[in-house]
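Just so we're aligned: the sequence shown equals residues 319 to 610 in my numbering.
Where a beta carbon is used, it is the ideal one built from N, C-alpha and C, also for glycine.
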Amino acid sequence: MFIRILLGGIVASLFAMVITLSIVNTGKTKDLDTRLAKATKQIKEQEETLQKLEEVVHAIAEKGKGSSHSSGAPHWEYEGEMGPENWGKQFPTCAAGKSQSPLNIVGPFEKSTTTLKADYKPGVLKVLNNGHTIQVNVPPGSTLKVGNESYELVQFHFHRPSEEQIDGKPMAMVTHMVHKSADGKLAVVGVLMRESAVQNRTLWSIWKNMPAKEGPEVEVASVSINPATLLPESLAHYAYEGSLTTPPCTEGVKFFIMKSPIGIQREMIDSFPFKLNARPVQPLNGRKISAS
Ligand SMILES: [Zn+2]
């Protein structure tokens, strides 16, 4: 912005010069015309420079925001040229990884002995459309105990249809609750969502406030939500080792897919801004799925 002010100053002083010239050289019209033409040309050049500098400043600002469209960062989508089959070209782990998510969950299962205990707290709604999903950022203080290990709920987001399948079938949607431990390990709780006539008030609050277009986080000061209301009553689950389901598909992520789905109304499924934002199921590659 300081560049704009600086160049604005230069442009203004050139204008002042033109006015001064017109006062001093009233008798020398031809000479004045030449000088005026020259000054006008200089102003135009300065304006062009200003325009170019503004473009640079804008590009830097966009890069700072982390927008994938104007920063030159690798771009990916759910369909077409940039779709999941081609993610590996820019994000090698997506193609070469051997523990990728999501999975089709089918037996036989090992017995899961992991106990889950969620202690989520209410907080002000902070929601964004990141171009790939609707994400709710969670303030510090909501925790998940995985056995003796403690994780903090960082954010949750939605996929349509559900990325995970049960016996080869996806559900209408899924909520992924993303947790991080103090040493940076990730654990995702997946809550499958099936069509239901019953309204979930928390989902309703999110849907009412979610931005339809990609953009920065919106804080809705008047709305408080408790992520606990998006969990089923029972935390009985399927468990496996997996990866981020979006590029860069980083592995070492613990997945806990809840056996009980929660309900979501048809009109909400239909009004979700992403018609398809689910990665296809990935090969098991010898991994074991356990069930509690
Ligand atoms: Zn997800």
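Item, Value
"Leu594 versus Glu399 - alpha carbon distance", "15 Å"
"Neighbourhood of Lys626 by C-beta, 6 Å cutoff - its chain only, sequence neighbours within 5 removed", "The structure shown does not extend to residue 626, since the chain is modelled only from 319 through 610, so no value can be given for it."
"Burial state of Ala530 (16 or more Cβ within 10 Å)", "exposed"
"Own chain partners of Glu532 with C-beta closer than 7 Å, once the 5 adjacent residues on each side are dropped", "Asn447, Asn448, Gly449"
"Endpoints, the beta strand (DSSP E) within which Asp437 is located", "434 to 437"
"Simplified DSSP assignment, three categories, for Glu585", "helix"
"Proximity test, Val506 beta-carbon vs ligand 1 heavy atom, cut-off 8 Å", "yes"
"Sequence-distant residues of the same chain with beta carbon closer than 6 Å to Pro392, five excluded per side", "Gln408"
"Residues whose Cβ lies closer than 6 Å to any heavy atom of ligand 1, in chain order", "His475, His477, His494, Thr563"
"Of the listed residues Val454, Pro488, Gln517, Pro550, nearest to Pro598 (C-alpha basis)", "Pro488"
"Whole-angstrom distance between Gln360 and Gly441, CA atom to CA atom", "56 Å"
"Proximity of Phe427 and Val506 at Cβ, strictly below 9 Å", "no"
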